[in-house]
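Numbering (the numbering used here), first residue to last: 1 to 247.
What follows is a set of notes on a single structure, which appears directly below.
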Ligand SMILES: [Zn+2]
């Protein structure tokens, strides 16, 4: 059992994480194949939610496990019980094992998109929290206002990819928590001698760091304390070490 400290969305709490709740039962080779139900589940991907309801023992878990095994989309498994009817606890499970990096896009004081980093969940690299939040905002049809009035908030200084995404998405401001010495792009972007006359829509956003900086550092310190090795851990240490190590 490990503990995750979740401060996203203003929730500050310690939540015990039971690793067994995150394990997907592997599909069994001797199980009866159910192509009609699998086809219906695939069709449900066009919608936001699919509910599978059947009495106990009818094979719901086996069916979903088989579906995930052949589904090309990324997936995560979380077994819920009565105690999980609590947003902070649910979110803690949702980000379990990931670096605690979250991002929101705000427009007219409303959150229009939110994401957390998914590198561990998806086994990919181009799934940073800020990139995913910007991508989700960019998919809104119609965009609910002027893009230049939108702002990106993220608890870690954006990398070059994510800062470039913010510029390409035409957000007007980027606010972040703690600096990222290894890959933060803000200092580099500030040295860019860009002429707005060349491409007026492509502007460098207003940028401000230090938003809830201590809280952000605490998240990385917690991650470093809970893990012991790996490239992510080594990188997280460089961020965690910027704070008071006794915290
Ligand atoms: Zn990034």
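C-beta: ideal position from N, C-alpha, C; glycine also.
On a predicted model such as this, the values are computed, not experimentally measured, just so you know.
Inset, instruction - Name the one or two DSSP bridge partners that residue 39 has. - result: Answer by DSSP bridge pairing: none, since residue 39 is not bridged.
Inset, instruction - Starting from residue 208, follow its DSSP beta bridges and name the residues at the other end. - result: Beta-bridge partners of residue 208 (DSSP): 175.
Inset, instruction - Consult DSSP for residue 203 and reduce its assignment to one of helix, strand or coil. - result: Of the three classes helix, strand and coil, the one that applies to residue 203 here is coil, per DSSP.
Legend entry - Contact belief for residue 119 with residue 135 at Cβ below 8 Å, rounded distance in angstroms: Distance from residue 119 to residue 135 at the Cβ level is roughly 15 Å; contact not present, criterion being Cβ atoms closer than 8 Å.
Inset, instruction - Drop a sphere of 10 angstroms on the beta-carbon of residue 148, count the other beta-carbons inside from all chains shown, and report buried for 16 or more, exposed for fewer. - result: Burial call: exposed.
Legend entry - residue 221, enclosing alpha helix (DSSP H) - first and last residue: First-last of the alpha helix (DSSP H) with residue 221: 213-226.
Inset, instruction - Compare the beta carbon distance of residue 158 and residue 185 with 7 Å and say whether it is the shorter of the two. - result: Note that the C-beta distance between residue 158 and residue 185 is below 7 Å.
Inset, instruction - Using DSSP bridges, identify the partner residues of residue 242. - result: In the DSSP secondary-structure assignment, residue 242 is not bridged to any residue.
Legend entry - DSSP three-state assignment for residue 193, whether helix, strand or coil: Residue state, collapsed to three classes: coil.
Inset, instruction - Could you please give me the residues that DSSP links to residue 132 through a beta bridge? - result: Looking at the DSSP assignment, residue 132 forms no beta bridge with any residue, so it has no partner.
Legend entry - CB of residue 137 within 7 Å of CB of residue 114, strictly: No, they are not a contact pair.
Legend entry - Inter-stretch contact at 8 Å, needing at least 3 Cβ pairs: the segment 23-35 / the segment 51-71: These segments touch.
Inset, instruction - Kindly list the residues whose CB is nearer than 6 Å to the CB of residue 52, restricted to its own chain and excluding five residues on each side of it in sequence; keep chain order. - result: So the list reads 60, once near-sequence residues are dropped.
Inset, instruction - Report yes if the C-beta distance between residue 174 and residue 144 is below 7 Å; otherwise report no. - result: It is not a contact, given that the beta carbons lie outside the stated cut-off.
Inset, instruction - Answer yes or no: do residue 162 and residue 199 have a C-beta to C-beta separation smaller than 7 Å? - result: The answer is no: Cβ separation not under 7 Å.
Legend entry - Sub-7 Å separation of residue 104 and residue 153 beta-carbons: Going by C-beta atoms, residue 104 is nearer than 7 Å to residue 153.
Inset, instruction - Reducing DSSP to helix, strand and coil, say where residue 107 ends up. - result: In the three-state DSSP reduction, residue 107 falls in the strand class (E or B).
Inset, instruction - Can you tell me which of the three DSSP states residue 150 falls into? - result: Three-state DSSP puts residue 150 in coil, outside helix and strand.
Legend entry - Which residues DSSP lists as bridging residue 116, in chain order: Beta-bridge pairing by DSSP links residue 116 to 102.
Legend entry - Nearest to residue 111 (by Cα), restricted to the options 142, 76, 117 and 150: Out of 142, 76, 117 and 150, 150 has the C-alpha closest to the C-alpha of residue 111.
Legend entry - Simplified DSSP assignment, three categories, for residue 33: Note: residue 33 maps to coil in three-state DSSP.
Legend entry - Environment of ligand 2 in chain order, Cβ to heavy atom below 7 Å: Of the ligands this structure carries, namely ligand 1, none is ligand 2.
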